[in-house]
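Data first, discussion second: the structure below is written as structure tokens.
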Amino acid sequence: DTEVTQTPKHLVMGMTNKKSLKCEQHMGHRAMYWYKQKAKKPPELMFVYSYEKLSINESVPSRFSPECPNSSLLNLHLHALQPEDSALYLCASSPPVGGRLPHEQFFGPGTRLTVL
Amino acid sequence: AQSVTQLDSQVPVFEEAPVELRCNYSSSVSVYLFWYVQYPNQGLQLLLKYLSGSTLVKGINGFEAEFNKSQTSFHLRKPSVHISDTAEYFCAVRGSYNQGGKLIFGQGTELSVKP
């Protein structure tokens, strides 16, 4: 298996809903990432997990809650979102580089989120 | 801190013409450079990468890039483009330890290939 998968592909939610995004990879990668991407803009990093531990939180509002249950799975729990949170949410992963910082990242297809 | 500048926000070109997408970076340490492509409504796909070694890097879909340390550039080229190359292209540099090693992206270049 040589890809990062994300579910669902599309999600529409109200501002009072709770939903979760799921990301999975079976390539043995030990760093996993969540990005938010608005139209015509580069991805913005939200969170980084390294060896299942949260290593970077880019000052993301608490209505976004990441979780890394195991080395293959990354979730993003959503609660009380705002319409401006509507975006493409991308997951990525990186192979280990002998304990050093990882190099390239491999991206999933994304979840298109619309908040009404 | 590392940063990336993509000099053109949009590049229109005719099919079978050559194209160059420009990328400049700023870094005071060793650089790891990447080009990603994003087709409409899809994720990012790695086109090519420079980690070390030969400054001319060949990637997928006939693209190549040249790492130029003196000019701090990493321009992407293709000798003959196809309609299917129409997409957004992002240049990125891996950040320093102080930046957590995260990817620093340029603002993107929209390549539009016309028949």
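These protein sequence lines map, in sequence, to chains A and B.
Position in the first sequence (from 1) plus 7 gives the number in this note's numbering.
Position in the second sequence (from 1) plus 24 gives the number in this note's numbering.
Just so it is clear, CB atoms sit at the ideal spot from N, CA and C, and this is done for glycine as well.
Keep in mind that this is a model prediction, so the values were computed, not measured.
Going by DSSP in three states, residue i sits in which element: helix, strand or coil?
i              : result
residue 24(A)  : coil
residue 121(B) : helix
residue 108(B) : helix
residue 36(B)  : strand
residue 91(A)  : helix
residue 85(B)  : helix
residue 65(B)  : coil
residue 1(B)   : Given a span of 25 to 139 for chain B in the structure shown, any question on residue 1(B) remains unanswerable.
residue 97(A)  : strand
Find the residues of chain A that neighbour residue i, judging by a C-beta separation of less than 9 Å, and give them in chain order.
i              : result
residue 130(B) : 49
Write down the C-beta distance between residue i and residue j rounded to the nearest angstrom, noting that I regard them as a contact closer than 8 Å.
i              : j              : result
residue 98(A)  : residue 40(A)  : 7 Å
residue 111(A) : residue 58(B)  : 6 Å
residue 32(B)  : residue 133(B) : 5 Å
residue 100(A) : residue 34(A)  : 7 Å
residue 50(B)  : residue 30(B)  : That belief does not hold up - the Cβ atoms of residue 50(B) and residue 30(B) are roughly 13 Å apart, past 8 Å.
How many Å lie between residue i and residue j at the Cα?
i              : j              : result
residue 76(B)  : residue 11(A)  : 26 Å
residue 76(A)  : residue 118(A) : 20 Å
residue 100(B) : residue 51(A)  : 22 Å
residue 87(A)  : residue 129(B) : 29 Å
residue 69(A)  : residue 96(A)  : 16 Å
residue 66(B)  : residue 111(B) : 10 Å
residue 104(B) : residue 41(B)  : 5 Å
residue 80(B)  : residue 88(B)  : 7 Å
residue 48(B)  : residue 35(B)  : 16 Å
residue 119(B) : residue 135(B) : 26 Å
residue 71(A)  : residue 139(B) : 44 Å
residue 127(B) : residue 32(A)  : 19 Å
residue 84(A)  : residue 108(A) : 26 Å
residue 131(B) : residue 78(A)  : 31 Å
Exposed or buried, residue i, counting other C-beta atoms within 10 Å across all chains shown (16 or more means buried)?
i              : result
residue 108(B) : exposed
residue 84(B)  : exposed
residue 91(A)  : exposed
residue 38(B)  : exposed
residue 63(B)  : exposed
residue 155(B) : Absent from the structure is residue 155(B), since the part of chain B shown begins at 25 and ends at 139.
residue 89(A)  : exposed
How would you list, in chain order, the residues of chain B whose beta-carbon sits under 8 Å from the beta-carbon of residue i?
i             : result
residue 80(A) : Near residue 80(A) there are no residues of chain B at all, since even the closest Cβ is about 18 Å away, more than 8 Å.
residue 62(A) : 124
Along chain A, which residues have their Cβ under 8 Å away from the Cβ of residue i?
i             : result
residue 66(B) : 116, 117
residue 73(B) : 110, 111
So which residues on chain B does residue i lean against when the C-beta distance must stay under 9 Å?
i             : result
residue 97(A) : 67, 68
Since residue i meets chain A, which of its residues come closer than 7 Å, beta carbon to beta carbon?
i              : result
residue 121(B) : 108
residue 58(B)  : 111
So with CB distances below 7 Å, who are the chain B contacts of residue i?
i             : result
residue 52(A) : 126
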